[in-house]
Amino acid sequence: MASGYLLNRGALTLGIHCQRVCRNISLSQVREKKRWMKAYTYLMAKKLKLEGPPPPTPRSQQPHWDYHAEVQAFTHRLHENFSLELLKTAFINPCYLQMEQEKRKGLGVESETAALVLKDNLQLSKKGSAFAESFLTDWCRASFPSLPAIGVESIVGHLTSPTVITYVARNLGIEDLTMSAEFPVPDDVLCSTFMAVIGALQESSGAERTGLFLRDFLVTQLIGNDLFDMWTVVNPMGLLVEELTKRKIPLPEPRLIRSAGASTVLPLYFVGLYSDKKLLAQGPGETLAAAEEEAARVALRKLYGYTENRRPFDFSPQQQHQQPFIQSVASN
Amino acid sequence: MTSRGTPSRFLRSVLQNGVGRYVCQLKRISIIFSKKAQSSLGARDFIEEGVVDYANKNPGTVIYVSPQPCRVPKIVAEYLNGNVREETITSKTSQQISELLTKLTNQSGLEIIRIRKPIHTDSPSIQGLWHPFTNRPPSIGPIRPQKPDSQ
């Protein structure tokens with residue numbers, strides 16, 4: 002549009018292009034070779050190498066961000082009906098509220114004129130973590146009826162541990178929506194935000210829907226994990242002896258089944274555990290002791306029904322968490 | 061470059077998506093285009109006709125439409141696992157842009173690099189993995205008490 006351009010006398014000779022921003026301001030761009038460009042690029046690269054990359058900024062401070070739309074999309078994405086107020090409260094952490102209060106004091110704004118009408122998520126978080134633990138314990142007991150209480154606790158402890166919860170929260174987009182004082186969001190803050198979201202879901206949709214949510218996002222993290230990765234057992238043979246005495250099965254006797262390369266650097270021994278001359282389990286190892294321990298672990302996995310070839314958990318949408326009762330009995 | 065020189069990954073899903081419920085992995089889309097340039101013609105047509113339908117079909121994705129003076133119109137897609145993909149839509153028609161958007165919606169956010177195996181399983185064996193001792197008869201027979209030599 003001609004009216005937007007200011008044609009200088011120098012425009013044609015020097016190749017200067019002036020763009021009018023408003024009546025008194027115009028930006029000029031020169032068409033000729035910019036000889037300063039190379040030095041500038043090298044200087045900026047040197048500065049980057051010296052100081053390292055710039056610190057990460059939260060997504061809310063980058064362009065294209067609409068908090069309300071993001072929260073709505075969050076609910077739709079997970080196919081859940083959250084009450085939006087509860088969900089927005091769930092994302093607000095106490096460290097954020099403190100930071101806001103200090104900012105307001107620093108700016109000299111009185112607390113009466115601009116009161117901070119935000120509640121933090123501590124209550125929701127406590128509620129959510131209590132519900133999560135109770136649901137996961139019930140689910141574990143239903144899926145593995147023969148697993149002892151310590152085993153159930155260890156599995157639930159692993160599923161509610163900060164590593165697993167932060168991994169799940171980061172891959173669900175909760176980190177973008179969290180309001181916290183520091184960025185990147187510290188692990189404990191992210192954990193409590195996730196639990197607060199669970200609490201908000203429980204209050205909005207009820208215990209059943211929250212149970213399905215936990216099953217779909219936390220229990221799926223069990224896939225591919227072995228029992229003794231989550232539950233450290235120091236003396237598997239002792240535990241096996243206890244379990245067998247409880248079930249009144251004769252005690253196991255270890256026997257060497259196979260061996261190969263006994264005089265080499267990598268020997269292999271297969272030790273089998275026999276109770277009343279019937280094979281319970283066999284396991285490999287580099288030394289006889291290691292093989293015996295591994296055989297005890299294999300026997301424990303068989304007893305508790307946590308083998309690799311067990312029937313997979315039921316994640317179908319309609320059925321509830323009562324189903325595993327029937328399935329785990331049938332698989333054994 | 062060869063397969064060893066370029067990055068590669070194994071087939072996987074983000075957070076076991078699909079095992080429980082299916083979550084659309086696309087978080088947000090920013091459409092950056094120009095109001096007057098020729099290259100953004102398709103983008104402008106798409107925004108007139110198709111973007112509202114797309115938004116209604118995918119309620120879990122936030123769409124930011126940003127007209128700014130730019131030479132190259134882009135779509136910036138952000139995924140739940142943090143990856144960001146930029147696609148240029150210079151001189152694409154509205155139809156092509158909507159096809160591109162369906163493609164981006166259906167992707168998980170994992171990188172588009174060589175996938176080493178087209179399969180993945182968490183339970184590789186039902187009857188137990190084979191090892192050299194499977195189905196091998198024992199090298200010595202059953203151990204019996206020695207018969208006394210009576211001669």
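Top line first, the protein sequences correspond to chains A and B.
Here my numbering = 1-based position in the first sequence + 1.
Here my numbering = 1-based position in the second sequence + 60.
No residue lacks a Cβ here, since even glycine has one placed at the ideal position from N, Cα and C.
Contact with chain A by residue i, beta-carbon distance below 8 angstroms
{"i": "residue 120 (chain B)", "result": "yes"}
{"i": "residue 36 (chain B)", "result": "In the structure as shown, chain B begins at 61 and stops at 211. Residue 36 (chain B) is therefore absent and cannot be evaluated."}
{"i": "residue 74 (chain B)", "result": "yes"}
{"i": "residue 81 (chain B)", "result": "yes"}
{"i": "residue 106 (chain B)", "result": "no"}
{"i": "residue 100 (chain B)", "result": "no"}
{"i": "residue 84 (chain B)", "result": "yes"}
{"i": "residue 177 (chain B)", "result": "no"}
{"i": "residue 63 (chain B)", "result": "no"}
Among the options, nearest to residue i - alpha-carbon criterion
{"i": "residue 292 (chain A)", "options": "A:258, A:28, A:205, A:198", "result": "A:258"}
{"i": "residue 288 (chain A)", "options": "A:276, A:263, A:273", "result": "A:263"}
{"i": "residue 312 (chain A)", "options": "B:187, B:166, B:74", "result": "B:187"}
{"i": "residue 132 (chain A)", "options": "A:112, A:105, A:161", "result": "A:161"}
{"i": "residue 76 (chain B)", "options": "B:85, B:201, B:69", "result": "B:85"}
{"i": "residue 161 (chain B)", "options": "B:191, B:123, B:198", "result": "B:123"}
{"i": "residue 151 (chain B)", "options": "B:189, B:171, B:190, B:97", "result": "B:97"}
{"i": "residue 182 (chain B)", "options": "A:309, A:57, A:187", "result": "A:309"}
{"i": "residue 177 (chain B)", "options": "B:65, B:170, B:72, B:207", "result": "B:72"}
Inter-residue spacing [alpha-carbon to alpha-carbon] between residue i and residue j
{"i": "residue 118 (chain A)", "j": "residue 159 (chain A)", "result": "37 angstroms"}
{"i": "residue 63 (chain B)", "j": "residue 185 (chain B)", "result": "29 angstroms"}
{"i": "residue 131 (chain B)", "j": "residue 147 (chain B)", "result": "14 angstroms"}
{"i": "residue 32 (chain A)", "j": "residue 38 (chain A)", "result": "13 angstroms"}
{"i": "residue 111 (chain A)", "j": "residue 99 (chain A)", "result": "15 angstroms"}
{"i": "residue 225 (chain A)", "j": "residue 103 (chain A)", "result": "46 angstroms"}
{"i": "residue 164 (chain B)", "j": "residue 92 (chain B)", "result": "16 angstroms"}
{"i": "residue 135 (chain B)", "j": "residue 100 (chain B)", "result": "11 angstroms"}
{"i": "residue 241 (chain A)", "j": "residue 277 (chain A)", "result": "15 angstroms"}
{"i": "residue 201 (chain B)", "j": "residue 219 (chain A)", "result": "51 angstroms"}
Chain-ordered neighbours of residue i on chain A, where CB pairs are closer than 9 angstroms
{"i": "residue 93 (chain B)", "result": "Those do not exist, as residue 93 (chain B) stays about 13 angstroms from chain A at its closest Cβ, beyond 9 angstroms."}
{"i": "residue 2 (chain B)", "result": "This structure leaves residue 2 (chain B) out entirely; chain B is present only between 61 and 211."}
Simplified DSSP assignment, three categories, for residue i
{"i": "residue 169 (chain A)", "result": "helix"}
{"i": "residue 130 (chain B)", "result": "coil"}
{"i": "residue 250 (chain A)", "result": "coil"}
{"i": "residue 175 (chain B)", "result": "strand"}
{"i": "residue 81 (chain A)", "result": "coil"}
{"i": "residue 239 (chain A)", "result": "helix"}
{"i": "residue 207 (chain A)", "result": "coil"}
{"i": "residue 289 (chain A)", "result": "helix"}
Proximal chain A residues relative to residue i, where beta-carbon distance stays under 8 angstroms
{"i": "residue 186 (chain B)", "result": "310"}
{"i": "residue 151 (chain B)", "result": "Per Cβ cutoff of 8 angstroms: no residues; residue 151 (chain B) is ~23 angstroms from chain A at best."}
Closer than 7 angstroms at the beta carbon, the chain A residues around residue i
{"i": "residue 140 (chain B)", "result": "172, 173, 174"}
{"i": "residue 183 (chain B)", "result": "309, 310"}
Interface flag, residue i vs chain B, CB-CB below 8 angstroms
{"i": "residue 225 (chain A)", "result": "yes"}
{"i": "residue 189 (chain A)", "result": "no"}
{"i": "residue 169 (chain A)", "result": "yes"}
{"i": "residue 211 (chain A)", "result": "no"}
{"i": "residue 164 (chain A)", "result": "no"}
Chain-ordered neighbours of residue i on chain B, where CB pairs are closer than 9 angstroms
{"i": "residue 216 (chain A)", "result": "80"}
{"i": "residue 80 (chain A)", "result": "81, 82, 83, 120"}
Cross-chain neighbours of residue i in chain B, by beta carbon under 7 angstroms
{"i": "residue 71 (chain A)", "result": "122"}
Within chain B, the residues that residue i reaches when beta carbons sit closer than 8 angstroms
{"i": "residue 74 (chain A)", "result": "87, 88, 119, 120, 121, 122"}
{"i": "residue 67 (chain A)", "result": "122, 124"}
{"i": "residue 194 (chain A)", "result": "The contacting residues do not exist; residue 194 (chain A) stays about 16 angstroms from chain B at best."}
{"i": "residue 77 (chain A)", "result": "119, 120"}
(message) Give me the subset of the stretch 287–321 of chain A whose CB atoms are less than 8 angstroms from a CB atom of chain D, sorted by chain position.
(response) Protein chains A and B are contained in the structure displayed, whereas chain D is not.
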